[in-house]
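Visitor: In our numbering, the protein residues as written are 12 to 236.
Here it is as structure tokens:
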């Protein structure tokens, strides 16, 4: 595993056996975590992929990072929407850098997010679906203030989504996942949902599902030409 700092975000990289034009997965950790978190799942996922685990830009404490500020109140989590908008602009820029750096198959990437990283994955899909092959969204929620209403981008409608949530999640309750499910079922053509009897985490059987879901959606080599 290699740590890189030469692009706009620091990231950890796990290379595939055949690195040239390998399909690429960018992993986005949750609030208060770092790039060492989700990359631990990479060896259990599809071996064809190059895995990039990005560090969020806002340092909270030693070893703790966030994509944008959150305030935890008695009535729920309060989001700084201005900072969230700036964070997604920075992430989209980073994704473009990654595509130029590694030239993945199809010149697009998959996103995998957990918690706040899922929010960032949704925001990226809404703003720049043309950069993506698919989104894996774990234990997150839709960014309610920026959900598209009228004219959805055609690329978003065609974008595959795999959404997973724990029925005992006490950080982002299952209602958040079910709201995402309801919206995506109505607005995208390729949608997969799974609910697991777990808390704010990723189930082992969820990792197995990610593998099969990714295998079915691997970009064909001719698409990278």
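Cβ coordinates follow ideal geometry from the N, Cα and C atoms, glycine included.
Everything numeric in this text was worked out from a predicted model, so none of it was measured.
Which residue wins for smallest C-alpha separation from residue 95, given the options 153, 48 and 25?
Guide: That would be 153, whose Cα lies nearest to the Cα of residue 95.
Visitor: Answer with buried or exposed for residue 181, where buried requires no fewer than 16 other C-beta atoms within 10 angstroms of its C-beta.
Guide: Label assigned to residue 181: exposed.
Visitor: Could you give the C-beta distance for residue 53 and residue 25, rounded to a whole number, given that I count them as a contact under 8 angstroms?
Guide: With 8 angstroms as the limit, residue 53 and residue 25 qualify as a contact, their Cβ atoms being about 5 angstroms apart.
Visitor: Is it buried or exposed, residue 16, if we count other Cβ atoms within 10 angstroms and call 16 or more buried?
Guide: It is exposed - the Cβ of residue 16 has fewer than 16 other Cβ atoms within 10 Å.
Visitor: By DSSP, does residue 194 sit in helix, in strand, or in coil?
Guide: In the structure shown, residue 194 sits in a helix (DSSP, three-state: H, G or I).
Visitor: Please state the DSSP three-state secondary structure of residue 137.
Guide: DSSP places residue 137 in helix when its eight states are reduced to three.
Visitor: Could you tell me which of 131, 148 and 121 sits nearest to residue 141, measuring between CA atoms?
Guide: Residue 121 is the option with its Cα nearest to residue 141.
Visitor: Quick test of your reading: residue 38 and residue 13, contact by CB under 8 angstroms. State the CB separation rounded to the nearest angstrom.
Guide: Between residue 13 and residue 38 the Cβ distance is about 14 angstroms, and since that is not below 8 angstroms, they are no contact.
Visitor: With a CB to CB cut of under 6 angstroms and the five nearest residues on each side skipped, what residues in its chain are close to residue 98?
Guide: Closer than 6 angstroms at the Cβ level, and outside the excluded window around residue 98, lie 78 and 79.
Visitor: Can you tell me the Cβ-Cβ gap for residue 144 and residue 119, rounded? I've got them flagged as a contact below 8 angstroms.
Guide: Right, the Cβ-Cβ distance comes to about 5 angstroms (below 8 angstroms), so this counts as a contact.
Visitor: For residue 229, which residues in the same chain have their Cβ closer than 7 angstroms to its Cβ, ignoring the five residues on either side in sequence?
Guide: These residues qualify, in order along the chain: 34 and 59.
Visitor: Buried or exposed: which applies to residue 28, given that a residue is buried once 16 or more other Cβ atoms fall within 10 Å of its Cβ?
Guide: Classification for residue 28: exposed.
Visitor: Relative to the C-alpha of residue 150, which residue among 134, 129 and 108 is closest?
Guide: The option with the nearest alpha carbon to residue 150 is 129.
Visitor: Among 206, 113 and 105, whose alpha-carbon lies nearest the alpha-carbon of residue 32?
Guide: Minimum Cα distance to residue 32 is reached at 113.
Visitor: On the DSSP bridge list, what partners appear for residue 120?
Guide: In DSSP, residue 120 forms a bridge with 143.
Visitor: Check this for me: beta carbons of residue 49 and residue 172, under 8 angstroms apart or not?
Guide: Going by C-beta atoms, residue 49 is not nearer than 8 angstroms to residue 172.
Visitor: Check whether the Cβ atoms of residue 57 and residue 200 lie closer than 8 angstroms to each other.
Guide: Their beta carbons are not under 8 angstroms apart, which means residue 57 does not touch residue 200 by this criterion.
Visitor: Which residues in the same chain have their Cβ closer than 7 angstroms to the Cβ of residue 127, if we skip the five residues on either side of it in sequence?
Guide: Closer than 7 angstroms at the Cβ level, and outside the excluded window around residue 127, lie 41, 42, 77 and 78.
Visitor: Are there 16 or more other CB atoms within 10 angstroms of the CB of residue 61, so buried, or fewer, so exposed?
Guide: Result: buried.
Visitor: Taking the alpha helix (DSSP H) that residue 103 falls in, what are its first and last residues?
Guide: Looking at the DSSP string, the run of the alpha helix (DSSP H) that includes residue 103 is 92–113.
Visitor: Between residue 167 and residue 109, is the Cβ-Cβ spacing less than 8 angstroms?
Guide: Cβ distance not < 8 angstroms, so residue 167 and residue 109 don't count as in contact.
Visitor: Pick out whichever of 102, 193 and 82 has its Cα sitting closest to the Cα of residue 67.
Guide: Minimum Cα distance to residue 67 is reached at 102.
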